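Chemist: Before I ask anything, here is the structure I am working with.
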Amino acid sequence: MLKYILIPLLPLIAFIINILFGRNFIKDKAHWIAVPAVACSFILALSAFMNVASGNVININVYNWIVSGTFTVTIGFLIDQLTAIMLIVVTSISTLIFIYSIGYMHGDKGYYRFFSYLSLFVFSMLILVMANNFLLLYFGWEAVGLCSYFLIGFWYEKKSAANAGKKAFIVNRFGDFGFGLGVILVFLTYGSLEYTQVFSDAGSIAGQTINIFGSDVDLITLICLLLFCGAVGKSAQMPLHVWLPDAMEGPTPVSALIHAATMVTAGVFLVARCNPLFSLSHTAMNTVAIVGGVTSIFAASIGLVQNDIKRVIAYSTVSQLGYMFLALGVGAYSAGIFHLYTHAYFKALLFLGSGSVIHALGNEQNMQKMGGLKKYMPVTYAVFVIATLSITGIPGLSGFFSKDEILWRAYSSGELGKVLWLLGTIVALMTAFYSWRLIFLTFHGKFRGTHEQEHHLHESPKVITVPLMFLAFGAIFAGYAGIPPLILEHGDKIGEFLGPVLGHPHGEGSHLEEIMVMMTSVLVAVGGWYGAYIMYVKKPDMPLEAVSKFTPLYNLLFNKYYVDEIYDKVFVKPTLKMSDKVVLGFFDVKIIEGIVNGVPNLVGAFSKKFREIQTGMLSNYGLVMALGALCIIGYVIFLK
Amino acid sequence: MSTPQLFFAYFAVMMTGLSLMVVTRKNPVHSVLYMLILFAHIAALYLFLNAEFLAAIQIIIYAGAILVLFLFVIMMLNLRKEETEKRFQKQWPLGIGIGVVLAVFLIMIVGKIAVIAPLGPYSIDAVRSDGHIMTVGKVLYSEFLLPFEIASLILLVAVVGAVVLAKRKIE
Amino acid sequence: MENVILNQLNYPVLSYTVFLPVLGALLLLFMRNTAMIRWTTLLVTMATFVISLPLLTNFDKTTYKMQFVERHQWIPSWSINYFIGVDGISVLFVFLTTLLSILCVLVSWKAIENKVKEFHIAILTVEAAMTGVFISLDFFLFYIFWEAMLIPMFLLIGVWGGPNRVYAAIKFFLYTLVGSVLMLVGIIVLYFAGGNTLDILTLGTVHYPVKLQFWLFLAFFAAFAVKVPMFPVHTWLPDAHTEAPTAGSVILAGVLIKMGAYGFLRFSMPMFPDAVRFFMTPMLVLSVIGIVYGALVCLAQKDLKRLIAYSSVSHMGYVTLGIFALNSQGMEGGILQMLNHGIITGALFLMIGIIYERTHTRVIADYGGFATLVPWYAGLFIILTFASIGLPGTNGFIGEFLVLFGAFKAQKLFGVLAATGVILGAGYMLWLYQRVFFETPNPNWGPGHHPLWDLDLREVITLAPLFALIFVIGFYPEVFLSYMHPTVENLLKHINTHAFAGEGLIAKHLMEIF
Amino acid sequence: MVPLSWYILLSAVMFSIGVFGFLSRRNLILIFLSLELMLNSVNISLVAFSHYLQSMRGQILVFFIITVAAAEAAIGLAILIAFYRNNPTIKVDEINLMKG
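Protein chains in written order, with this note's numbering: chain A, 1 to 640; chain B, 1 to 171; chain C, 1 to 514; chain D, 1 to 100.
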């Protein structure tokens, strides 16, 4: 079983070799180290998957990491059904994106650096999913954040890239702040951080309260909400979603791998992993569902009007992540993971496709300057359409199955669920609209870029298109792992597979209702397409008219509800100002230094006065001496 | 008043007056000259007290050496304009006050003291028979030999010190 | 002598560790050639390190007792002994001291040009004094080393420092002296209260009246809080760090400011358990303020070294927070964090010294784009940045996590508040890194202007041990944690069993005092 | 016979005058001179005591006083000259290098 440790270790080794020798020796051969390493990881992951599929759960402790008093935590790995799925997702998509990057990053002066960071990321992500305790999970959690920081700021000479990387890390820290406290609270509650022990004891504390800041809080709810803080940060949910769109400053393969397929889904993974805890707290579950639902509609609405091709997809990611949380929140853990799994393929495909477009246009990302690329880039166009069909939930493609599962589970879970279902359906409409808008703006119509760009338009090389095709294959067929029982008895293979870990959701609802939900989602998908078709193909003037009609709304959406500006005004600026003017300028310099320098100054001022007694004049000293002598003599004469 | 007392009265008045002149003269040279006269009177007083050797020394050392040194210095510094400036410091009334009070105190002490020590072996006759110089010499070279040697060291140090200090440049 | 283990090695290892540098300093007096002076100092520090290594390898990790103990009568009429030994806490700091001293010599190889001999004598004496502080088991000996340390340090700052060095040196000296004097009073009181002995171990077993404990705790607190430095007596540190030469900053950050926290562990905890319990909350409050305050000030700093100095205030806040959480996680985390801070901040100061040699500026705005200009340097710096932030896999994480764990366990509020320091820490360190290394290179540097060159071999050798330690501790902290387990357990047991006074009794005593 | 107390009174008065001179004069040389005056007044009383007690010790002491006075005068004046070279004044109220 120890061979599975190699799954994360191989990318780590690739990282170390590349970072140490890449600059001077390996240079543009870095992929010869990285790609085989991650491919081997993929193969090992497959073997692990087979092993798990045959009914084994692998749980190995390698060594004691930290020991202090009663606190013990190990470096150890757990490969169960959930991890196995994640392993497959992470390693397969990584492998494809590594290959894609060979073409995409070709000629970049940081080539070796790119592959080392990417390898380090894969290592971290694998640690994250394979950990068998919360602290090691936290390790992976932070480490992926680190890699994200490196990769977003990969072109660090660009100020915006450096800013975005920093922003991503710091915003994530806010989430991790809660996550870390959650981990501590888990240990204090259960006396262990190992999943197996924590989850088997999970129920033992139901109903216990904890006194925190003077008020009693339900312990399990508190733990769940703290852990969920981390998930909110990493998965870019409201209100910590602000970093993800900015993260698009990184190279496109990074956006695909980290900010779409894998890292951002860590939050979903975390909540799914902790389902025995979450299931105990209604408050926590509802919070998860509401945060997910609100985020998904919020991000989708922003996505409607954005012009940057990658940003549209980024908001789409945030929105889809919201979907997953919605699923988790209504108790449909396996549906959430299922969507995570299908989403990874079609979203990676969308990103890589857009990367192909950007590559062809010489780093142009504004969709208003594209158009008509269909005839120049047929393969890219084809995969883009497949991905869009998939994400909008057209029956027969992956997205349909997972999305439908989520909507149905939401619908069937009760009152709140109905509201969430409505929300989800609206989101689906919006998703269809902006996805098709993207396609129409990019591939249809006339080319709106410069003449020079048009001259250079070309289909991307094989090393880019082949991974796209593989992903397209995934985007179509990945969903067949979870065919709803309504259509095919025992079709929900993935749900059954994950059952031992995630349990089975139970909802109420008739077949009729299920069919209705399914039909509705298909209808809105088509409706979205039709809307986009009308606006961007049939009547290209309509968008402008709409903008002029609804200018305030448009501005609100275009400026992302001004969240960044609000954060800047409310948190960033005041903190910086306070640290400079109040803490340093007033408190440190004026008060503390004032006292510190004031005491010596006071003594100095006093002695300055006092030392004037020392006139330095001989006669004065003589006078005083004589007076003293007189006193003594007087004393002797009169008093003795 | 007997003759010795008359003599003493003369000396006392003269010496007090000369002392006052010494401390009040504007021109330092004058002060030194008054001092010279004062020293002559002191020497005479020593004779009066049967201390011939001391009288001689008073003249030779004090008047002949020390005062001349003072004179040298005054001449050397050539303090002409001193004569035009104030001779006393601002605190001179205090100086007078202290001087007067001190005098009063000391006079009061004199009234109080009574010498009740046993008389020593050096009566006037004893001193006369050997001569004052021999008597002093005997005591100095026997009982006070060590202080005497120390005094010589002090003088040596003074000589060296004076030379070093007064040298134009110390290298 | 049942509570100590005498030195089992065939040579007096601790005495050698202390006095070899002194001997080296004496030897330097007779040398003129600067190259020879440098090599001699390097050899002496390395020999000291090698000699002190058996302390780690032959250490008995199963006992809390003092080990490698040497004891000789010194001034019998005052029952003063030459009594030295190490336990699981001090042994780590002896290691750190001897290691950092080597690096200090290496980093000064080119940076120090004038008064070379005197500089190296100062380095060697300060090494000896610092080691002495950690191993003394007699108050008299301890105080001598404690004060002796100040003199070479004062000179290091005041002679080889920056433009404002005299102010900084005097500030440093006076600050620490004020505290030390109060401690001296405390020591004298202890001498009489504890039965006319200066033996630290014996004094630690005496149970003093609660009222006396309070006053003594405060007296010792004055000395230690300044050294740590705790808020609000921290302002000497930025000045001293900024003005000190690189080696001085490294010694300051690496070892010297650990002595305050060490003092709490060695003296305050065993001797005044009641007072420690009573002052737990105020100490936690001060620590948390220190953490947040230091971090906030960092955000406003424009000077590279000052920023790191204030980050020290923040990090040392974690140390005291952990120690005064009074549970094993917090305390071990605190001790480990002391070590970590010595390694990370020591390395940061080394790095800053290295770049200062090239640029001769410490103003952050003068940098920019250095990742392009000096890539290896930038790579190493980012490791330190993340170690300082406390990223898992580096030593900073282990310490910070244990401290936060302990604090949260002890008093939730402080755990939560202290954790905000983690966010702020990421903020200022990453912002610093961005301003120095990212974006387009500042036109002041680069080809054709002021030449910059990447790390050379000497500098890599200087830094390598610290980087190795960062990862070793990050992945396998047991290497160092295992030394302190028994000591910390024993200390906590001592505090919990000896602190007889409940809250009510303490309150009653307090009423009597005020 | 002249009573002993007369000598002592004379000595006291001279001493007081010396003190006055010492405290009041501006000229450093005069201050030295006042000092000599005080020494001499003491000498007178010493010799008088010596005479009336029929002891030699007082006179011996006078020897030493003269010795020391000579040394003092030499050194003092040398210092004065050295000082004057750097700072051409010998008025004590202008010499205040020791002013705090």
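All C-beta atoms in this analysis are idealised placements derived from N, C-alpha and C, irrespective of residue type, glycine included.
Small disclaimer: the values here were computed from a predicted structure and weren't measured.
1. With 9 Å as the limit, tell me which residues of the region 593 to 617 of chain A have their beta carbon closer than that to any beta carbon of chain D; keep them in chain order.
2. Taking DSSP as the reference, what is the three-state secondary structure of C/Leu-6?
3. Looking at C-alpha atoms only, which residue of B/Ile-109, B/Ile-66, B/Asn-78, B/Ala-51 is the closest neighbour of D/Ile-75?
4. What residue ranges within the region 275 to 341 of chain A form continuous alpha helix (DSSP H) runs of no fewer than 4 residues, ordered along the chain?
5. Classify C/Arg-277: buried if its beta carbon has 16 or more other beta carbons within 10 angstroms, exposed otherwise.
6. How big is the Cα-Cα spacing for A/Arg-273 and A/Ala-284?
7. Measuring CB to CB, does A/Leu-361 end up less than 9 Å from A/Leu-457?
8. According to DSSP, simplified to helix, strand and coil, what is C/Ala-418?
9. Where do the ends of the beta strand (DSSP E) carrying B/Gly-161 lie?
10. Does chain B have any CB closer than 9 Å to the CB of D/Ile-95?
11. What residues in the region 324 to 339 of chain C bring their beta carbon closer than 8 Å to a beta carbon of chain A?
12. Chain C beta carbons: is any one of them nearer than 9 Å to that of A/Leu-135?
13. Determine, using beta carbons only, whether A/Leu-639 comes closer than 9 Å to chain B.
14. Which class does C/Glu-70 belong to by DSSP, given the choice of helix, strand or coil?
15. Do the region 19 to 34 of chain A and the region 80 to 90 of chain A make contact, defined as three or more Cβ pairs closer than 8 Å?
16. Flag this pair as touching only if the region 491 to 508 of chain A and the region 363 to 378 of chain A have three or more C-beta atom pairs under 8 Å; answer yes or no.
17. Where do the ends of the beta strand (DSSP E) carrying A/Ser-68 lie?
18. Assign A/Leu-257 to buried or exposed, taking buried as 16 or more other Cβ atoms, counted over all protein chains shown, within 10 Å of its Cβ.
19. Taking only three categories from DSSP, how would you classify C/Ala-275?
20. Starting from the Cα of C/Glu-357, find the closest Cα among C/Ile-251, C/Val-69, C/Asp-456 and give me that residue.
21. Does chain C have any CB closer than 9 Å to the CB of A/Ser-579?
22. From C/Tyr-64 to C/Phe-475, what does the alpha carbon distance come to, in whole angstroms?
23. Pick helix, strand or coil for A/Ala-236, following the three-state DSSP scheme.
24. Under a Cβ-count criterion, where at least 16 other Cβ atoms within 10 Å of its own Cβ denotes burial, should C/Ala-300 be classed as buried or exposed?
25. Measure the alpha-carbon distance for B/Val-101 versus A/Leu-630 and round it to whole angstroms.
26. Give the DSSP bridge partners of A/Ala-131, in chain order.
27. At 4 residues or longer, what runs of the alpha helix (DSSP H) sit wholly inside the region 542 to 605 of chain A?
28. Look at the alpha carbon of A/Trp-141 and the alpha carbon of A/Tyr-323, and state the distance between them as a whole number of angstroms.
29. Pop quiz: A/Gly-230 and A/Leu-270 are said to be a contact at Cβ under 8 Å. What is the actual Cβ separation, rounded to whole angstroms?
30. Would you please verify whether the beta carbon of D/Lys-91 is less than 9 Å from any beta carbon of chain B?
31. Within 10 angstroms of the Cβ of C/Thr-440, are there 16 or more other Cβ atoms? Answer buried if so, exposed if not.
32. Under DSSP, the alpha helix (DSSP H) around C/Gly-85 begins and ends at which residues?
33. Quick check on DSSP: helix, strand or coil for A/Glu-508?
34. Where do the ends of the alpha helix (DSSP H) carrying A/Ile-258 lie?
35. With DSSP as the reference, please indicate the residues paired to A/Thr-209 in a beta bridge.
36. If you run the structure through DSSP and keep just helix, strand and coil, what is D/Asn-27?
Modeler: On the basis of the supplied data:
1. Of all residues in the region 593 to 617 of chain A, Ser-607, Lys-608, Phe-610, Arg-611, Glu-612, Ile-613, Gln-614, Thr-615, Gly-616, Met-617 have a Cβ within less than 9 Å of some Cβ in chain D.
2. DSSP places C/Leu-6 in strand when its eight states are reduced to three.
3. Relative to D/Ile-75, the option among B/Ile-109, B/Ile-66, B/Asn-78, B/Ala-51 whose CA is nearest is B/Ile-66.
4. Qualifying alpha helix (DSSP H) stretches, in chain order: 275 to 278, 282 to 303, 309 to 329.
5. Answer is buried; the Cβ neighbour count reaches 16.
6. Just so you know, the alpha carbons of A/Arg-273 and A/Ala-284 end up roughly 15 Å apart.
7. Yes, they are a contact pair.
8. Helix.
9. In the DSSP assignment, B/Gly-161 falls outside any beta strand (DSSP E) and within the unbroken alpha helix (DSSP H) covering 145 to 166.
10. Residue contact check for D/Ile-95 against chain B: no CB pair falls below 9 Å.
11. Under the 8 Å Cβ criterion, the region 324 to 339 of chain C contributes Asn-327, Ser-328, Gln-329, Glu-332, Gly-333.
12. By this cut-off, A/Leu-135 is an interface position.
13. Judged by the 9 Å Cβ criterion, A/Leu-639 is not in contact with chain B.
14. In this structure, C/Glu-70 counts as strand in the three-state DSSP scheme.
15. With a cut-off of 8 Å, the region 80 to 90 of chain A and the region 19 to 34 of chain A do not count as touching, because too few Cβ pairs lie within range.
16. Put simply, the region 491 to 508 of chain A does not touch the region 363 to 378 of chain A. Fewer than three CB pairs are less than 8 Å apart.
17. Here the beta strand (DSSP E) through A/Ser-68 covers 58 to 68.
18. Only buried fits A/Leu-257, as 16 or more other CB atoms lie within 10 angstroms of its CB.
19. Note: C/Ala-275 maps to helix in three-state DSSP.
20. Answer by Cα proximity: C/Asp-456.
21. At least one CB of chain C lies nearer than 9 Å to the CB of A/Ser-579.
22. A direct Cα-Cα distance of roughly 25 Å separates C/Tyr-64 from C/Phe-475.
23. In this structure, A/Ala-236 counts as coil in the three-state DSSP scheme.
24. Burial of C/Ala-300 is indicated by the presence of at least 16 other C-beta atoms within 10 angstroms of its C-beta.
25. B/Val-101 and A/Leu-630 have their alpha carbons spaced roughly 8 Å apart.
26. DSSP, once it has assigned bridges, lists A/Phe-77 as partnering A/Ala-131.
27. Fully enclosed alpha helix (DSSP H) runs of 4 or longer: 542 to 549, 551 to 558, 563 to 567, 573 to 577.
28. Rounded to whole angstroms, A/Trp-141 to A/Tyr-323 spans 21 Å at the Cα level.
29. Correct: roughly 6 Å between the Cβ atoms.
30. Output row for D/Lys-91: interface = yes.
31. It is exposed - the Cβ of C/Thr-440 has fewer than 16 other Cβ atoms within 10 Å.
32. Unbroken run through C/Gly-85 is the beta strand (DSSP E), 80 to 86; no alpha helix (DSSP H).
33. Note: A/Glu-508 maps to coil in three-state DSSP.
34. Per DSSP, A/Ile-258 lies in no alpha helix (DSSP H) segment and is marked neither H nor E.
35. Note: A/Thr-209 is bridge-paired with A/Asp-218 in the DSSP secondary-structure output.
36. Reduced to three states, the DSSP call for D/Asn-27 is strand.
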